[in-house]
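Undergrad: Before I ask anything, let me first share the structure, which is written out below as structure tokens.
There are 2 protein chains.
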Amino acid sequence: MRLPGPGHHAPLEPKADRETVRRHNLSLVLRAVRDAGEVTRAGVSARVGLTRAAISSLVEQLMESGFLTESGKTFSGQAGRPGTVLKVARTGVAGLGVEINVDYVAVCVVDLAGTDRVRLVEHLDNRGAPPEQVLGRAALIAARALTSAAEQELHPVGVQLALPGLVSSGAVRYAPNLGWTRVTAEGPFADALAGLRPALPALPVRSENEANVAALAELWFGGLGDVRSFLYLTGEIGVGGALVIDGELLRGAHGFAGEIGHVVVSPDGPECRCGSRGCLEQYAGQSALLREAGLDERTGARGVAELERRAREGEKRAVAALGQAGLMLGRVLSGAVNLFDPDAVVLGGIYPPLLPWLSPPAGGELAGRVVSGLWPTEAGRLRAASPAADAARGAAALVVQDVLADPVTYAVRAAG
Amino acid sequence: MRLPGPGHHAPLEPKADRETVRRHNLSLVLRAVRDAGEVTRAGVSARVGLTRAAISSLVEQLMESGFLTESGKTFSGQAGRPGTVLKVARTGVAGLGVEINVDYVAVCVVDLAGTDRVRLVEHLDNRGAPPEQVLGRAALIAARALTSAAEQELHPVGVQLALPGLVSSGAVRYAPNLGWTRVTAEGPFADALAGLRPALPALPVRSENEANVAALAELWFGGLGDVRSFLYLTGEIGVGGALVIDGELLRGAHGFAGEIGHVVVSPDGPECRCGSRGCLEQYAGQSALLREAGLDERTGARGVAELERRAREGEKRAVAALGQAGLMLGRVLSGAVNLFDPDAVVLGGIYPPLLPWLSPPAGGELAGRVVSGLWPTEAGRLRAASPAADAARGAAALVVQDVLADPVTYAVRAAG
Chain A
65 MRLPGPGHHA
75 PLEPKADRET
85 VRRHNLSLVL
95 RAVRDAGEVT
105 RAGVSARVGL
115 TRAAISSLVE
125 QLMESGFLTE
135 SGKTFSGQAG
145 RPGTVLKVAR
155 TGVAGLGVEI
165 NVDYVAVCVV
175 DLAGTDRVRL
185 VEHLDNRGAP
195 PEQVLGRAAL
205 IAARALTSAA
215 EQELHPVGVQ
225 LALPGLVSSG
235 AVRYAPNLGW
245 TRVTAEGPFA
255 DALAGLRPAL
265 PALPVRSENE
275 ANVAALAELW
285 FGGLGDVRSF
295 LYLTGEIGVG
305 GALVIDGELL
315 RGAHGFAGEI
325 GHVVVSPDGP
335 ECRCGSRGCL
345 EQYAGQSALL
355 REAGLDERTG
365 ARGVAELERR
375 AREGEKRAVA
385 ALGQAGLMLG
395 RVLSGAVNLF
405 DPDAVVLGGI
415 YPPLLPWLSP
425 PAGGELAGRV
435 VSGLWPTEAG
445 RLRAASPAAD
455 AARGAAALVV
465 QDVLADPVTY
475 AVRAAG
Chain B
65 MRLPGPGHHA
75 PLEPKADRET
85 VRRHNLSLVL
95 RAVRDAGEVT
105 RAGVSARVGL
115 TRAAISSLVE
125 QLMESGFLTE
135 SGKTFSGQAG
145 RPGTVLKVAR
155 TGVAGLGVEI
165 NVDYVAVCVV
175 DLAGTDRVRL
185 VEHLDNRGAP
195 PEQVLGRAAL
205 IAARALTSAA
215 EQELHPVGVQ
225 LALPGLVSSG
235 AVRYAPNLGW
245 TRVTAEGPFA
255 DALAGLRPAL
265 PALPVRSENE
275 ANVAALAELW
285 FGGLGDVRSF
295 LYLTGEIGVG
305 GALVIDGELL
315 RGAHGFAGEI
325 GHVVVSPDGP
335 ECRCGSRGCL
345 EQYAGQSALL
355 REAGLDERTG
365 ARGVAELERR
375 AREGEKRAVA
385 ALGQAGLMLG
395 RVLSGAVNLF
405 DPDAVVLGGI
415 YPPLLPWLSP
425 PAGGELAGRV
435 VSGLWPTEAG
445 RLRAASPAAD
455 AARGAAALVV
465 QDVLADPVTY
475 AVRAAG
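Quick note, the sequences are listed as chains A and B, same order.
Throughout the first sequence, residue numbering follows our numbering, covering 65 to 480 in sequence.
Throughout the second sequence, residue numbering follows our numbering, covering 65 to 480 in sequence.
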């Protein structure tokens, strides 16, 4: 029998060596300044619970390494002598996020404060192209973003790829809409990028499911307020999904959690690229929606804009396609809400401008089928993703998160 | 922007007062002995990372309070002088679990080691009976269990109720199959039990969803091996469910997660007591199964045994009802697996003896519809719950968990 207790399975007051403690405290101070935006040393001291002397020493090291800057004097009503204001540096260390999707590539450079400083989005058709060609195109866009970042004195220390499929241990196990099966993306992307920047050190590259990083972006930048547990859906060619529980991404036992696009909604429905039938994305994915509305499913973002225009004009096929998609979304969401009991459902990708037509049928299903009865009574639980939060920014912020967790490691690279 | 770092948001080496540290360490030592079964003081010292002197002092206090006993001498090949062997006490502090279900009440007393020492199961029909009457019946059975426990010198320090419905903050928000809406169970049960034992101090009573505690019982007593993330389904009059992720129960934002019985499987299917249509329990719940097989749905456990007998003999309606239930189970499970990516699905309640008929159609759906493709390749992912793990035992173990987490609190009660 193993009953996990609420406490730690270790004695209190663990002994950590001085170097470990200092690295931990450097991260603590850097994150405190980042969270505060602008703060004095005394303010940092109050936030993290270390002495003024300790804070000063840690701040000095973080400034020398280029993570913090100070400016101006504060003469506010606070007690004690006025101090200078600390901020995280807006130049230097940064993160690079690269979302490779079926019909576009989006690249984002994020600074230590989380601001997206460079953003490039290129529409292109990656379906059927060999993976190395797709990764090469994405590397080209990433290299352009790195040039723009360098002009702003921003130097990404790592690359996070975001891919629309099952990603585990650096490989894409399966991405049905790209047509990829067991594709190693990190190495080829790193090589392609290094080939475009021969004079510069190679950047470490990691990969993650696209909806997962979009959900993290929503958590970090989406203005969700008190919402810490939510189900995230992103309408793309397919339908991606992710689950955030108490501010943590649920990855699943093998890293494949959140595949809401392949939840069956009509067992004998249309064949899906995944091999099953009647998956949600066969009703609510971008391709299915455009096809049902009588539009060319290869028109991508233009097609979605046209669908919205037609729906606004009351064109029957457009309205019917959206009504059907909303119904199927609501049906699957009602099941997911019964399983998860989240605070909210967030709809991203192509969905936000389409919510006026998707929400009523989806909301009806949620009201009728969520057993707790909580969903019809509170507004705002079915919400549009923030335009400030997308997978590329979330991916770039994941790199920055690593820097914040252990700045010492990256100080070396930043100086190098 | 708020990027949660992997470390703690507090400086290392937090200062805790001596009393807090000692209480924490008493719990640590008690849990170490419980986990080990039998262990010397030196063994405990090695396990928890405190000095022999500190362990001896903590062990002495735990023995004085009746939580630990020592016996015999060990002359094993271990270094150092031989020590006596410590075990958790098999008398004294215990936990009482009471599962109140639609057609039975099960009561269990568990000792500190997690062994179920008293078990009473009574079949009765709780449908339509007023809640206070149902709670009174359950209190009567609980009182009999307490008498049996006292004969074994076991004294439960708390009661955990397990109820088939949405339970939150001590109240049953909704239990459709019992016909309960907004019923406060804890107070009335405590009063009924106190009335039956007027000379004894009243026991604190808490309540929890029945499937949640059954899933915890499976985690603690089910022999799941490496499986730490699983979806748990329990076939009762309805279908209960719970999700365990990395050894932790997912409770959801409002405490209502895991309601797999009310995931829709056929949108225009039969009306469900929850108010929706075509919920899984309308196909795979005990009542639905018996009805479809042409048996009286009020016959309960006898009916299920008869269903199994008929299926074994190849009786057509019985086989068809189980085939349909298995298909619907598999359909809903495929969606849940796509969302959660668990290590395993565990089927409890009435399902274990019915798996020979449920598994083939359910497995077919899982193989065809789980996008990661992981589910057909590994056997044993769809597994029967252990007969040693049920909701009543899980509930009783929850009380014991509280004792293990802070024995000092319960030493007072145990002595009192």
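All C-beta atoms, glycine included, are put in the ideal place defined by N, C-alpha and C.
Note that the structure is predicted; figures quoted are calculated from it, not measured.
#1: For A/Leu353, collect the residues of the same chain with a Cβ closer than 6 Å to its Cβ; drop the 5 residues on either side in sequence, then sort them by chain order.
#2: With a threshold of 7 Å, establish whether the CB of B/Arg246 neighbours any heavy atom of the ligand GTP.
#3: Extract the residue ranges of the beta strand (DSSP E) inside the region 144 to 183 of chain A, only unbroken runs of 3 or more that lie entirely within it.
#4: Quick check: B/Val31 and B/Pro228, are their CB atoms within less than 8 Å of each other?
#5: Let me check one thing: in DSSP terms, what residues is A/Ser271 bridge-paired to?
#6: Report, in whole angstroms, the separation of the C-beta atoms of A/Leu257 and A/Ala214, which I expect to be a contact under 8 Å.
#7: Anything in chain A within Cβ reach of B/Val308, meaning under 9 Å, just list it in chain order.
#8: Does any C-beta atom of chain A lie closer than 8 Å to the C-beta of B/Cys172?
#9: For the region 424 to 431 of chain B against the region 373 to 385 of chain B, are there 3 or more C-beta pairs whose distance is under 8 Å?
#10: Quick one: measure Cβ to Cβ for B/Leu114 and B/Glu134, integer angstroms, because I've assumed they're closer than 8 Å.
#11: Under a three-way DSSP split, which group does A/Ala96 fall into?
#12: So, A/Ser450 versus A/Phe285, is the Cβ gap smaller than 8 Å?
#13: Is A/Gln350 near A/Glu312, with beta carbons less than 8 Å apart?
#14: Where does A/His318 fall in DSSP's three states?
#15: State the start and end residues of the unbroken beta strand (DSSP E) segment that holds A/Tyr296.
#16: Pairs of beta-carbons, one from the region 256 to 273 of chain A and one from the region 352 to 367 of chain A, closer than 8 Å: are there three or more?
#17: Quick check on A/Glu345: buried or exposed, where buried means 16 or more other Cβ atoms within 10 Å of its Cβ?
#18: Nearest-angstrom Cα distance between A/His88 and A/Asp470?
#19: Once the 5 residues before and after B/Val396 are set aside, which same chain residues still bring their CB inside 7 Å of it?
#20: Taking buried to mean at least 16 other C-beta atoms within 10 Å of its own C-beta, is B/Asp454 buried or exposed?
#21: With H, G and I counted as helix, E and B as strand and the rest as coil, what does DSSP make of A/Met65?
#22: For the region 97 to 116 of chain B, which residues have a beta carbon sitting closer than 8 Å to at least one beta carbon of chain A?
#23: Going along chain B, which residues have a C-beta under 8 Å from A/Tyr238?
#24: Within 8 Å (strictly less), CB to CB, does A/Pro220 reach chain B?
#25: Going by DSSP in three states, B/Arg105 sits in which element: helix, strand or coil?
#26: Terminal residues of the continuous alpha helix (DSSP H) containing B/Trp244?
#27: Using the C-alpha atoms, what's the distance from A/Ala100 back to A/Val173?
#28: Of all Cβ atoms in chain B, is any one closer than 8 Å to the Cβ of A/Gly399?
#29: Where do the N-terminal and C-terminal ends of the alpha helix (DSSP H) with A/Arg208 fall, by residue?
#30: Please confirm if B/Ile414 has its CB atom under 8 Å from at least one CB of chain A.
#31: Less than 6 Å between C-beta atoms, sequence neighbours within five positions excluded: which residues of the same chain meet that for B/Val409?
#32: Going by C-alpha to C-alpha distance, which of A/Gly107, A/Ala106, A/Arg95, A/Ala118 sits closest to A/Arg86?
#33: Helix, strand or coil: which one does DSSP assign to B/Glu377?
#34: Around the Cβ of A/Leu264, are there at least 16 other Cβ atoms within 10 angstroms (buried) or fewer (exposed)?
#35: For A/Ala511, tell me which candidate among A/Gly156, A/Ala369, A/Pro252, A/Glu272 has the shortest Cα-Cα distance.
#36: For A/Thr133, name the three-state secondary structure that DSSP assigns.
TA: According to the structure data:
#1: Ala385, Ala389
#2: You won't find the ligand GTP in this model; it holds no ligand whatsoever.
#3: 148 to 152, 156 to 164, 168 to 175
#4: One cannot answer for residue 31 of chain B here, as it falls past the ends of chain B, which runs 65 to 480.
#5: A/Leu225
#6: Their Cβ separation, rounded to whole angstroms, is 14 Å, which puts A/Leu257 and A/Ala214 out of contact at 8 Å.
#7: Chain A residues near B/Val308: none, gap ~11 Å exceeds 9 Å.
#8: no
#9: no
#10: The pair is not a contact, with the Cβ atoms about 18 Å apart (cut-off 8 Å).
#11: helix
#12: yes
#13: no
#14: coil
#15: 294 to 299
#16: no
#17: buried
#18: 7 Å
#19: Ile324, Val327, Val329, Leu344
#20: buried
#21: Residue confidence for A/Met65 is low, a pLDDT of 42 falling below 50, so the modelled location carries little weight and cannot support an answer.
#22: Arg98, Asp99, Val112, Gly113, Leu114
#23: Val435, Ser436, Gly437
#24: no
#25: helix
#26: Premise fails: B/Trp244 lies in the beta strand (DSSP E), 244 to 248, not in any alpha helix (DSSP H).
#27: 21 Å
#28: yes
#29: 195 to 215
#30: no
#31: Leu295, Leu397, Leu446
#32: A/Ala118
#33: coil
#34: exposed
#35: No answer is possible for residue 511 of chain A: it lies beyond the span of chain A, which begins at 65 and ends at 480.
#36: strand
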